[in-house]
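Engineer: Numbering (this note's numbering), first residue to last: 1 to 402.
Ideal placement from N, C-alpha and C gives every residue a C-beta, glycine not left out.
Remember, predicted model here, so these are calculated numbers, not experimental data.
I'd like to ask you about the structure that follows.
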């Protein structure tokens with residue numbers, strides 16, 4: 001095909017993937033390509049996939065095939081992201097429509113895959129982990145921001161050993177970025193008009209532990225606040241807090257600094273202590289409630305969100321009831337519930353006692369029945385009280401102009 005001049009990036013999955021796509025976008029722009037207005041007009045289509053659970057993998061495959069159908073004649077289709085890293089050669093063989101399958105180690109050199117000759121294997125093509133001019137994706141520059149908020153990745157990988165999770169097998173152990181690198185990237189974003197930074201990592205509060213910097217997340221928050229609020233930063237938000245790391249210094253800092261939103265996005269997963277032990281997770285419903293109540297006592301307007309796995313192998317009615325009781329007592333502002341996904345290579349994949357699908361569906365409905373009135377009640381209370389809130393406007397409705 002002729003040398004590529006335009007590209008389209010389709011991003012699936014979590015906010016961390018969105019950051020990866022943004023850095024790939026910056027890399028391609030720096031190599032002289034231009035962003036296309038739609039996938040069917042691009043010379044190269046990049047799909048940044050998700051592989052967290054089976055539903056995400058299925059969505060990734062369906063998206064790849066859909067984009068293969070709509071791409072322009074002669075356009076190159078490149079698959080990257082978690083699914084490419086986790087199932088690279090098998091994915092390339094299963095989807096010959098893909099011209100290249102590039103794992104994380106090759107993402108920094110994605111432009112060479114886009115612009116250079118394709119290596120073809122059985123079915124599709126697979127860029128090996130040490131091919132293609134490898135660079136560290138974490139430290140690649142960002143493209144100019146297109147919204148007044150931005151995700152900011154402070155670390156990659158995870159040191160936990162949760163029995164249901166495959167992420168460490170393809171993201172690796174935690175690698176924290178240096179504070180200087182994070183602040184420099186944050187400054188670039190703020191200078192580009194970003195008013196809210198959302199800090200993300202697989203295990204955000206664990207930031208710095210891999211380099212023996214205990215409490216590094218607190219120091220980072222204070223530095224971002226001190227150096228960037230004068231330049232226009234309005235808000236800092238934290239996502240994915242492992243509950244055992246939500247300790248007094250972090251809580252105090254989040255409640256002290258006006259720029260830090262008192263929003264506690266807690267990774268709880270369940271509330272029954274025995275089930276959490278089988279997950280190799282810290283905590284119990286009692287500990288979680290105590291933590292939440294303590295924070296609310298210090299800051300009544302603090303907001304709490306979490307997500308929970310329903311139907312983990314061996315889960316009993318009593319353990320499920322413990323989760324329902326926790327939801328009723330904790331009164332989280334928002335919660336998501338997801339059926340257990342059996343992930344190959346994880347300890348939970350070989351555990352016995354998985355609940356039948358119809359029972360899991362019933363349990364999911366019961367969780368929603370408890371949580372939905374709580375979430376709606378918190379929202380309605382603000383309306384009844386006539387509370388005025390400052391909001392971040394991130395776009396204009398094309399139809400109404402509002």
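Residues in the same chain with beta-carbon distance under 8 Å from residue 72, minus the five sequence neighbours each way, listed in chain order, please.
Structural biologist: Cβ within range, chain order: 40, 41, 42 and 43.
Engineer: My assumption, with CB atoms under 8 Å, is that residue 25 sits in contact with residue 18. Please give the rounded CB distance.
Structural biologist: Incorrect: roughly 10 Å between the Cβ atoms, too far for contact.
Engineer: Contact between the region 146-165 and the region 199-210 is defined here as three or more beta-carbon pairs at a separation below 8 Å; is this criterion met?
Structural biologist: Yes, the region 146-165 touches the region 199-210.
Engineer: So for residue 23, helix, strand or coil by DSSP?
Structural biologist: Residue 23: helix per DSSP, three-state reduction.
Engineer: Comparing C-alpha positions only, which one of 312, 371, 384 and 324 sits nearest to residue 354?
Structural biologist: Among 312, 371, 384 and 324, the Cα nearest to that of residue 354 is on 312.
Engineer: Within 10 angstroms of its Cβ, does residue 297 collect 16 or more other Cβ (buried), or is it exposed?
Structural biologist: Flag for residue 297 reads exposed.
Engineer: Give the list of continuous alpha helix (DSSP H) stretches no shorter than 4 residues that lie fully inside the region 355-396.
Structural biologist: The region 355-396 contains these whole alpha helix (DSSP H) runs: 357-384.
Engineer: Taking the Cβ atom as the reference point for each residue, do residue 82 and residue 38 lie within a distance shorter than 8 Å?
Structural biologist: No, the Cβ-Cβ distance between residue 82 and residue 38 is not below 8 Å.
Engineer: Leaving aside the five residues before and after residue 232 along the sequence, list all residues of the same chain whose C-beta is less than 7 Å from its C-beta, in chain order.
Structural biologist: Once the five neighbours on either side are set aside, the close Cβ partners of residue 232 are 190 and 195.
Engineer: Are residue 228 and residue 161 touching if we call contact CB-CB under 8 Å?
Structural biologist: Contact: no.
Engineer: Is the beta carbon of residue 359 closer than 8 Å to that of residue 339?
Structural biologist: The answer is no: Cβ separation not under 8 Å.
Engineer: In its own chain, which residues sit with a C-beta less than 7 Å from the C-beta of residue 151, not counting the 5 before and 5 after it?
Structural biologist: Only 15, 18, 19, 198 and 200 meet the Cβ criterion.
Engineer: With respect to the beta strand (DSSP E) encompassing residue 7, which residues constitute its N-terminal and C-terminal limits?
Structural biologist: From DSSP, the beta strand (DSSP E) with residue 7 extends over 6-11.
Engineer: Would residue 230 pass as a contact of residue 267 if the rule is Cβ separation under 8 Å?
Structural biologist: No.
Engineer: Please state if the CB of residue 210 and the CB of residue 173 are separated by a distance shorter than 8 Å.
Structural biologist: Cβ atoms of residue 173 and residue 210: closer than 8 Å.
Engineer: Check whether the Cβ atoms of residue 64 and residue 98 sit closer than 8 Å, and answer yes or no.
Structural biologist: Yes, they are a contact pair.
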